[in-house]
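What follows is a set of notes on a single structure, which appears directly below.
Chains as they are written, first to last, in our numbering: chain S, 30 to 191; chain C, 30 to 191.
Take a look at the structure:
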């Protein structure tokens, strides 16, 4: 499961590898209400993630690393959401990994400077979808999961390629 | 319960009001190992806080707001820890409040620019302790709790003063 952490919108994407093919089992966005107090929103996010983790039981959860953006207030909320997400994933028995935005772009498109559109197109191609995956936060989360598949230990990759 | 959030050291302090007196029911520091992976440390913090919240069942949990410091990496870890703490507190049924460092200093010492030593002395005085409360993270967490008592709705304050 890949997670693109956020408080207003937290993307998630569950992918499965079947032989050489990768398919999306689920992808979507958890939203919390901007008008609710911050602690309640974080708790809601925790609950929704716990439910998803319980339903899909992923072996591994990959979380996009939060870097400092222009908007310091937003970065802090995203950081708080990522903290909640990582704790929930460990609580659900998953192995948890963090990848930087550059690592994710590089793993999915081959280039660390790829833009949103390129990323969306590659996620669509890699999953064999007819239409781009929407909303964009769900596609971003799938990209995080695909990045983890590309970074798994060599043994797993060899297994997946046979 | 007051919480001074942190990943390496997270202070907590439980205070009770008995008539006009305020007493500390518990105060201490939750530590997580710097050598452990971040997700595991966040999950450990979540578990330890859930245990304390279950043991003391506070009506209210006051958390010190995380502001951006010089060290951006540290601020992000503290933010992630605060996110976990707020979600855990809501999960335990407490009302959760955030106070800025300036609000806390002002509520405890009367001056928003107070230093660590002054804060420690006032916490000691307000709780009627013979020695300063140690370690400093525990005293800081008690200060957050005391700040909340000072900010409660007027009705509670009048009740406490009679």
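For every residue, glycine included, the Cβ atom is placed at its ideal position computed from N, Cα and C.
Residues of chain C with a Cβ closer than 7 Å to the Cβ of residue 69(S) are, in chain order, 119.
By the rule that beta-carbons nearer than 8 Å mark a contact, residue 72(C) touches chain S. Note that the C-beta distance between residue 39(S) and residue 110(S) is below 8 Å. For residue 91(C), no Cβ of chain S is located within less than 8 Å of the residue's own Cβ.
For residue 145(S), the enclosing alpha helix (DSSP H) begins and ends at 145-156. The beta carbon of residue 157(S) is closer than 8 Å to those of 50, 52 in its chain, skipping five residues each way along the sequence.
Sixteen is the threshold: when 16 or more other Cβ atoms of the shown chains lie within 10 Å of the Cβ of residue 70(C), as they do, the residue is buried. Secondary structure of residue 94(S) (DSSP, three-state): coil. Scanning chain C for C-beta atoms nearer than 7 Å to the C-beta of residue 105(S) yields 95, 108, reported in chain order. Interface with chain C (8 Å Cβ-Cβ cutoff): residue 40(S) is excluded.
Within the DSSP secondary-structure output, residue 133(S) pairs in no beta bridge. Taking a contact to require three or more Cβ pairs closer than 8 Å, the stretch 81-96 of chain S and the stretch 164-180 of chain S qualify as touching.
Under the DSSP definition of a beta bridge, residue 107(C) lacks any partner. With fewer than 16 other Cβ atoms inside 10 Å of its own Cβ, residue 46(C) counts as exposed.
Inter-residue distance for residue 140(S) and residue 150(S) is about 14 Å (C-alpha atoms, whole angstroms). The C-beta of residue 111(C) comes closer than 8 Å to at least one C-beta of chain S.
8 Å or more divides the Cβ of residue 108(C) from the Cβ of residue 115(S). For the options 30(C), 154(C), 113(C), the alpha carbon positioned closest to that of residue 74(C) is the one of 113(C).
Between the C-alpha atoms of residue 56(C) and residue 55(S) there is a straight-line separation of about 44 Å. For residue 169(C), the enclosing alpha helix (DSSP H) begins and ends at 165-180. Excluding five sequence positions before and after residue 128(S), the CB atoms of its chain that fall closer than 8 Å to its own CB belong to 91, 92, 93, 94, 136, 173, 176, 177, 180, given in chain order. What residue 75(S) touches in chain C, judged by beta-carbon distance under 8 Å, is 116, 120, going in chain order.
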